[in-house]
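Heads up, the thing below is written out as structure tokens.
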């Protein structure tokens, strides 16, 4: 008869009551406040009841049930020390007449202790009240206790913008150019992306006898990558095609030289690693190796002074932001 009366009492909706009791040294009021914060969206009131003297388990549960009945609660909870490093949680569900007993390890930090207890009690309440929800005898408030909040997947970022530091080197000559990178990538599929970027590189000057050689490059690249995204880490591997506008000029006080401008194509492979910093921001590191089949070697008075042919290595690092 008691479960039926309680079920009818809470079937009208509104707020339902859970009673909490805990003997010293536990702080029952703090435990109730912490539990209330976890059940706030469930329209559940948490009330503190005086702690009865400890006895055997059967007596403790009977006393706990009586406390809950007197308060017209749907459940009554008692938390007490069960050992030097263990706490015991007793829960009496007054709707379905279920009794649950669980133990949790004691936590040294006080704030963490009450959070652990509140989360465990919340899980026990869901387990105990599930039968009432399954038989459609529970109020909407009780149903919200049992319901596990749906995990909403973060929207996949389809368009990303990258900006950062870039380094371009030519291993055959030991030349290194530095600058900034701007790049955009579009995730056509969760496993495949297309990208396009440009680099602004600082000019590099070389000296040979009385001749000063200046090298300027403006590369533009396209990429097609296989990608894999995790919750924290991600990476890509794919093909890179690049075209660079290259201008080489030389000047001397004793002779005149003609500047040369050329478009230099390159093709290679690239790989990238990402570490997510926020929902729409990540740190990236991208490296690529490219072959330059049409690049030239530059000479001054028959002496090789600049060789940007055959191989090129690039490294980019910076911040990536998901824009859409």
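Residue numbers (the numbering used here): 39 to 362.
C-beta: ideal position from N, C-alpha, C; glycine also.
| Check | Outcome |
| --- | --- |
| Cβ-Cβ separation, residue 284 to residue 300 (assumed contact under 8 Å), whole Å | 5 Å |
| Cα-Cα separation between residue 331 and residue 357, rounded to whole angstroms | 32 Å |
| Collapsed DSSP secondary structure at residue 150 in the structure displayed | helix |
| Host beta strand (DSSP E) of residue 346 (start-end) | Looking at the DSSP string, residue 346 is not in any beta strand (DSSP E), and its letter there is neither H nor E. |
| Among 109, 158, 310, nearest to residue 85 - alpha-carbon criterion | 109 |
| Host alpha helix (DSSP H) of residue 96 (start-end) | 95-108 |
| Nearest neighbour of residue 249, chosen from 256, 352, 296 [CA to CA] | 296 |
| Per-residue burial, residue 263 [other beta carbons within 10 Å of its own, 16 or more giving buried] | buried |
| Unbroken stretches of the beta strand (DSSP E), 3 residues or longer, contained in the region 257-321 | 271-289, 298-316 |
| Residue 191 versus residue 265 - alpha carbon distance | Caution is warranted here: a pLDDT of 49 is assigned to residue 191, below 50, making its placement in the model unreliable, and no coordinate value can be reported. |
| Residue burial classification, residue 340 (beta-carbon count within 10 angstroms, cutoff 16) | exposed |
| Same chain, Cβ closer than 6 Å to residue 218, five either side skipped, listed in chain order | 238 |
| Whether residue 156 touches residue 75 by CB criterion (9 Å) | yes |
| Cβ neighbour criterion (16 or more within 10 Å) applied to residue 124 | exposed |
| Residue 280 and residue 328 closer than 9 Å at C-beta | yes |
| Spatial distance of residue 322 from residue 278 (CA atoms) | 17 Å |
| Contact under 9 Å by Cβ, residue 132 with residue 112 | yes |
| CA-to-CA distance, residue 93 to residue 268, given in whole angstroms | 52 Å |
| Beta-ladder partner(s) of residue 205, from DSSP | 216, 353 |
| Residue 394 in three-state terms, based on DSSP | Any property of residue 394 remains undetermined from this structure, which presents the chain solely from 39 to 362. |
| With 16 other Cβ atoms within 10 Å as the buried cut-off, status of residue 87 | buried |
| Per DSSP, the bridge partner or partners of residue 131 | 113, 136 |
| Extent of the continuous beta strand (DSSP E) run through residue 240 | Residue 240 -> no beta strand (DSSP E), and no H or E assigned at all. |
| Same chain, Cβ closer than 7 Å to residue 306, five either side skipped, listed in chain order | 278, 326, 327, 328, 329 |
| Among 202, 158, 198, 210, nearest to residue 348 - alpha-carbon criterion | 210 |
| Limits of the beta strand (DSSP E) - the one that residue 335 falls within | 335-338 |
| Among 118, 130, 121, the one whose alpha carbon lies nearest that of residue 102 | 130 |
| Cβ neighbours of residue 188 in the same chain (closer than 7 Å, five flanking residues each side left out) | With a pLDDT of only 48 at residue 188, under 50, the local geometry of the prediction cannot be trusted, and the value read off the model is given with reservation. The answer is none, since no qualifying residue turns up. |
| Straight-line Cα distance separating residue 243 from residue 309 | 30 Å |
| Residues sharing a beta bridge with residue 55, DSSP | 83 |
| Residue 123 in three-state terms, based on DSSP | coil |
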